[in-house]
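A.B. asks: Heads up, my numbering is the position in the sequence shown plus 212, with the first residue counted as 1. Ideal placement from N, C-alpha and C gives every residue a C-beta, glycine not left out. These figures come from a predicted structure and were not determined experimentally. Quick one: this structure, given as structure tokens, is what I'll be asking you about.
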Amino acid sequence: MIVTFSTNVFVAVTNVCRNACAYCGFRARSPDDAFIVRVEDVERLFAECRGVATEALFSAGERPECAVGFDFRRMIADVCGEECSLVEYTVILCEIAIKHGLLPHTNIGVLSEQELMRLKDVNASMGLMLETVADIDAHRNSPGKHPKERLRTIEHAGRLKIPFTTGILVGIGEEESDRIASLEAIAAIHRKFGHIQEVIIQPFAPKANTPFANRNPPMFEEVLRCVKWAREILPDDVAIQAPPNLISSAAELRALIDAGVSDLGGISAKTHDYINPEAPWPSEKNLRRMIEPHILRERLPIYPKFIRKCWFSDKIRHLIEKYADSDGFKLPQKKSQ
Ligand code: SF4
213 MIVTFSTNVF VAVTNVCRNA CAYCGFRARS PDDAFIVRVE DVERLFAECR
263 GVATEALFSA GERPECAVGF DFRRMIADVC GEECSLVEYT VILCEIAIKH
313 GLLPHTNIGV LSEQELMRLK DVNASMGLML ETVADIDAHR NSPGKHPKER
363 LRTIEHAGRL KIPFTTGILV GIGEEESDRI ASLEAIAAIH RKFGHIQEVI
413 IQPFAPKANT PFANRNPPMF EEVLRCVKWA REILPDDVAI QAPPNLISSA
463 AELRALIDAG VSDLGGISAK THDYINPEAP WPSEKNLRRM IEPHILRERL
513 PIYPKFIRKC WFSDKIRHLI EKYADSDGFK LPQKKSQ
């Protein structure tokens with residue numbers, strides 16, 4: 213079986229966030245540990261990554277302009293010389309990525325239809341984890357995690373024909389029936405718009421100094437069961453993704469593939485997973501070995517089906533033409549530093 217992955221550069225745009233999810237180790241707790249990535253640092257990183265990645269993954273806290281106790285507008289004016297929103301700043305960063313030959317994929321929380329439209333022009337695909345449709349304690353202080361908000365963003369993306377990644381988080385206080393309901397909600401939106409390229413089944417991983425620090429991650433059997441449900445519930449043209457850095461062994465990874473996982477998401481040789489910094493990504497070589505006898509194949513951040521449908525803007529057409537083979541996967545290419 214063919215299992216896909218992409219090579220990316222992970223850029224955390226800012227850790228300022230209006231939400232306070234109980235399991236999150238990423239968001240800034242005070243202005244002292246808040247950051248916004250600087251344009252010059254992004255330029256330097258992308259220049260270093262030429263030839264070793266095709267995707268620039270932009271992630272950020274959600275609606276930092278609304279984060280209580282932070283003056284995000286002043287922070288952003290400090291780094292880019294003028295006041296602008298996170299969305300506008302991310303557009304600037306996406307344009308830099310394109311200039312350096314990288315296809316952007318942006319996942320910065322719930323967005324309005326207008327904001328998605330603005331980002332669509334400079335992104336190969338976008339994403340937003342649904343996480344769960346359940347009303348859970350972990351999201352008490354996170355207005356953006358209300359399932360209606362998240363489903364609305366995913367629907368807007370569908371209306372705008374944006375190839376989209378979403379997923380569920382397993383083990384944050386939801387019941388098994390909630391996992392099924394979440395997958396059914398995603399399947400229903402995909403049947404309407406046809407824009408979901410992959411659904412991530414992501415196991416919760418505890419982080420130090422968070423309310424969920426002492427909570428156990430889900431048992432592997434729970435994750436496996438969830439993948440099986442996902443394969444049953446989701447339409448066949450939606451891939452199921454498991455993040456390989458959160459799966460503890462090659463045997464478990466192969467069991468997930470046997471149950472329906474066909475994508476391993478992005479891995480990076482140059483940057484780490486800012487959301488799960490304790491879990492390094494395996495190298496491409498190791499990944500290839502771990503999943504044997506399955507075959508590992510590199511894809512772009514936009515899936516072949518959406519390349520065929522031309523669901524991308526003229527701003528990134530040249531990069532898709534440069535990187536995609538006749539099947540829409542990544543052309544084998546000599547990698548250079
Ligand atoms: S998990 Fe995401 S949305 Fe929740 S607090 Fe952390 S950065 Fe914000």
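Could you have a look at Asp-244 and say whether DSSP puts it in helix, strand or coil?
C.D. replies: helix
A.B. asks: Just the Cα atoms here: how many angstroms apart are Asn-428 and Ala-265?
C.D. replies: 34 Å
A.B. asks: Is the CB-CB distance between Lys-357 and Asn-231 below 9 Å?
C.D. replies: Cβ atoms of Lys-357 and Asn-231: closer than 9 Å.
A.B. asks: Could you pull the DSSP bridge partners for Arg-275 from this structure?
C.D. replies: According to DSSP, Arg-275 bridges with nothing at all.
A.B. asks: Mind checking which residues open and close the alpha helix (DSSP H) that includes Thr-378?
C.D. replies: Note, Thr-378: premise wrong, no alpha helix (DSSP H); beta strand (DSSP E) at 376 to 382.
A.B. asks: Say the cut is 8 Å; is the CB of Glu-274 nearer than that to a heavy atom of the ligand SF4?
C.D. replies: yes
A.B. asks: Could you spell out where the beta strand (DSSP E) holding Thr-318 opens and where it closes?
C.D. replies: First-last of the beta strand (DSSP E) with Thr-318: 315 to 319.
A.B. asks: Does any heavy atom of the ligand SF4 sit closer than 8 Å to the C-beta of Tyr-301?
C.D. replies: no
A.B. asks: Could you give the distance in angstroms between the alpha-carbon of Val-291 and the alpha-carbon of Glu-277?
C.D. replies: For Val-291 and Glu-277, the gap between their C-alpha atoms comes out near 15 Å.
A.B. asks: Please classify His-530 as buried or exposed, where buried requires at least 16 neighbouring CB atoms within 10 angstroms.
C.D. replies: exposed
A.B. asks: Could you pull out every residue in the same chain whose Cβ sits closer than 6 Å to the Cβ of Gln-549, ignoring the five residues on either side in sequence?
C.D. replies: Low confidence applies to Gln-549: its pLDDT is 39, below 50, so where it sits in the model is not reliable, and the reading given next is rough at best. Counting only residues of its own chain and dropping the five nearest sequence neighbours on each side, Gln-549 has no CB closer than 6 Å to any other CB.
A.B. asks: Rounded C-beta distance between Ile-401 and Ile-380? I'm assuming under 8 Å.
C.D. replies: Going by Cβ atoms, the distance from Ile-401 to Ile-380 rounds to 13 Å, so no, they are not a contact pair.
A.B. asks: Do Val-435 and Ile-398 have their C-beta atoms within less than 9 Å of each other?
C.D. replies: For the 9 Å CB-CB criterion, Val-435 and Ile-398 do not form a contact.
A.B. asks: Give the straight-line distance between the Cα atoms of Glu-184 and Glu-386, rounded to the nearest whole angstrom.
C.D. replies: Residue 184 cannot be examined here, being either before or after the span of the chain that is shown, 213 to 549.
A.B. asks: When you measure from the CB of Ser-389 to every non-hydrogen atom of the ligand SF4, does any distance come out below 8 Å?
C.D. replies: no
A.B. asks: CB of Gly-281 to nearest heavy atom of the ligand SF4: below 8 Å?
C.D. replies: Flag unset: Cβ of Gly-281 not near the ligand SF4.
A.B. asks: My parser needs the beta strand (DSSP E) runs of 3 or more residues fully inside the region 352 to 438; what are they?
C.D. replies: 376 to 382 and 408 to 415
A.B. asks: Can you tell which of Ile-507, Tyr-486, Gly-478 and His-484 has the C-alpha that lies nearest to the C-alpha of Phe-217?
C.D. replies: Nearest C-alpha to Phe-217: Gly-478.
A.B. asks: Where do the N-terminal and C-terminal ends of the beta strand (DSSP E) with Val-221 fall, by residue?
C.D. replies: 214 to 224
A.B. asks: Is Lys-311 close to the ligand SF4? I mean its beta-carbon at under 8 Å from any heavy atom of the ligand.
C.D. replies: no
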